[in-house]
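Enquirer: Below: one structure in structure tokens.
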Amino acid sequence: MRPYEQLPHRHPFIMLDAAEVLEEGRRARGSRQITSNDPIVLPDGTLPQVYIIESMAQVSGIASSRKDSSLFAGITGLTFHGIVRAGDTLEVESTVERSIGNMYIFTARALAAGKVIAEGGIVLHFDESHGG
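Residue numbers (our numbering): 4 to 135.
Here is the structure:
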């Protein structure tokens with residue numbers, strides 16, 4: 004699936020090249036090829052951590068399978084174990100752990116070259132009044 008089919012984000016704010024729902028309303032994964040001419044890549048060729056977090060949030064939104072707008076509400080227990088460089092493919096997986104009303108809590112992880120780069124919780128709040 005093209006991520007913009009599920010997310011309200013558009014260039015340059017969409018952080019994914021591709022995404023797929025693995026289990027409707029529960030799990031998804033997405034990816035982005037990181038290139039040296041990508042405007043979000045630093046001059047030293049590294050991807051800032053904030054973009055890894057945003058990628059995790061976007062895949063989490065897709066995992067929920069909800070069509071209404073969401074707000075990035077928080078991060079829980081997020082740890083970084085490495086860096087992503089130009090030439091890497093950033094792969095992100097996210098699973099819905101629980102929901103409380105319109106608040107969803109996900110477990111997400113980001114990988115590059117088969118190694119876990121970041122992992123932790125992502126919290127999204129869905130707003131039914133601004134449905135998709």
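Glycine included, each C-beta is placed from N, C-alpha and C at the ideal position.
At the level of alpha carbons, what is the spacing between A3 and D20?
Expert: Residue 3 is absent from the model: the chain starts at 4 and stops at 135.
Enquirer: Would you identify the three-state DSSP class for E131, choosing helix, strand or coil?
Expert: Looking at E131 - three-state DSSP - the assignment turns out to be helix.
Enquirer: Compare the C-alpha of V53 against each of E27, G77 and Y107 and name the closest.
Expert: It is G77 whose Cα lies nearest to the Cα of V53.
Enquirer: If you measure between the beta carbons of D71 and F129, is that distance less than 9 Å?
Expert: Closer than 9 Å, so yes.
Enquirer: How far does the alpha helix (DSSP H) with V44 in it extend, from its first residue to its last?
Expert: That residue, V44, is in no alpha helix (DSSP H); it is neither H nor E in DSSP.
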